[in-house]
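Visitor: Below: one structure in structure tokens.
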Amino acid sequence: MKRKVFILLVSFFALATATAQEIKWMTLEEAIALQKKTPKKIMMDVYTAWCGPCKMLDKNTFHNKDVVEYVNKNYYAVKFNAEGNDVINYMGNSFSNPGYDPAKAARRNSVHQLTSYLKVQAYPTVVFMDEKANVIAPIVGY
């Protein structure tokens, strides 16, 4: 009996995990590398750690099964912290955040150079790029 219950529970959790879909987030560099093999547009979620509407967009929109399916099928999805400290190589330039303060990682921090380059002025912003990683349009807001 215990064995049957165990098998039933394992099957249930395996099924639940298999049906739970998420957007396949990646870095901008990973998306650009994939574009060279299989061209697709890029959808970049530009967010910050402290941004309430960014968290709502992630929870309510980016976890909607229809949105997940559509984004994964049609785009390379990039998640980019507009105030993070990653070094990003884009369009032959290297972008960083020289003013980044690790003590402020969960609060407002200095703006990443790529954020300024993309002319992002509010969060969240979703930046769409073509198959060659050229900016098509930034869409501001939740």
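Going by this note's numbering, the sequence shown opens with residue 35, and the numbers climb by one from there. No residue lacks a Cβ here, since even glycine has one placed at the ideal position from N, Cα and C.
1) Go ahead and pull the three-state DSSP assignment for Asn-131.
2) So who's on the other strand from Met-78, going by DSSP bridges?
3) Alpha carbon to alpha carbon, how far is Ala-171 from Gln-147? Give it in angstroms, no decimals.
4) Taking Val-154 and Ala-116 to be in contact with their CB atoms under 8 Å, please state how far apart those CB atoms are, rounded to whole angstroms.
5) Using beta-carbon positions only, say whether Val-121 and Gln-55 come within less than 8 Å of one another.
6) Counting pairs of beta carbons, one from the segment 155-164 and one from the segment 71-83, are three or more of them closer than 8 Å?
7) Leaving out five residues on either side along the sequence, give the residues of the same chain with a beta carbon under 7 Å from the beta carbon of Val-169.
8) Could you please give the first and the last residue of the uninterrupted beta strand (DSSP E) stretch that includes Ala-171?
9) Considering only the beta carbon of each residue, do Asn-131 and Ile-57 sit closer than 8 Å?
10) Compare the C-alpha of Ala-140 against each of Leu-62, Thr-149, Asn-119, His-97 and name the closest.
11) State the start and end residues of the unbroken alpha helix (DSSP H) segment that holds Ile-57.
12) Whole angstroms are fine: how far does the CA of Asn-143 sit from the CA of Asp-135?
13) Which value, in whole angstroms, describes the spacing of the CA atoms of Asp-92 and Asn-108?
Guide: Taking the structure as given:
1) Against the sequence shown, residue 131 aligns to sequence position 97. Looking at Asn-131 - three-state DSSP - the assignment turns out to be coil, as it is neither helix nor strand.
2) By one-based count along the sequence shown, residue 78 stands at place 44. Answer is Val-112, Val-161, bridged to Met-78.
3) One-based indexing of the sequence shown puts residue 147 at position 113. One-based indexing of the sequence shown puts residue 171 at position 137. Their backbone Cα atoms lie some 18 Å apart in a straight line.
4) Here residue 154 refers to the residue found at position 120 of the sequence shown. Here residue 116 refers to the residue found at position 82 of the sequence shown. Going by Cβ atoms, the distance from Val-154 to Ala-116 rounds to 6 Å, so yes, they are a contact pair.
5) Residue numbering aside, residue 121 sits at position 87 when the sequence shown is read from its first letter. Residue numbering aside, residue 55 sits at position 21 when the sequence shown is read from its first letter. Not a contact, by the Cβ cut-off of 8 Å.
6) Because the criterion of three Cβ pairs below 8 Å is met, the segment 155-164 and the segment 71-83 touch.
7) Working through the sequence shown from its first residue, we reach residue 169 at position 135. Once the five neighbours on either side are set aside, the close Cβ partners of Val-169 are Leu-152, Val-161, Met-163.
8) One-based indexing of the sequence shown puts residue 171 at position 137. First-last of the beta strand (DSSP E) with Ala-171: 169-174.
9) By one-based count along the sequence shown, residue 131 stands at place 97. By one-based count along the sequence shown, residue 57 stands at place 23. No, the Cβ-Cβ distance between Asn-131 and Ile-57 is not below 8 Å.
10) By 1-based counting over the sequence shown, the position of residue 140 is 106. Considering only alpha carbons, the answer is Asn-119.
11) Stepping through the sequence shown from its first residue, residue 57 is reached at position 23. Here Ile-57 belongs to no alpha helix (DSSP H), and DSSP marks it neither H nor E.
12) Residue numbering aside, residue 135 sits at position 101 when the sequence shown is read from its first letter. Residue numbering aside, residue 143 sits at position 109 when the sequence shown is read from its first letter. When rounded, the distance between both Cα atoms is 7 Å.
13) The count along the sequence shown starts at 1 and reaches residue 92 at position 58. The count along the sequence shown starts at 1 and reaches residue 108 at position 74. So the alpha carbons of these two residues sit roughly 18 Å apart.
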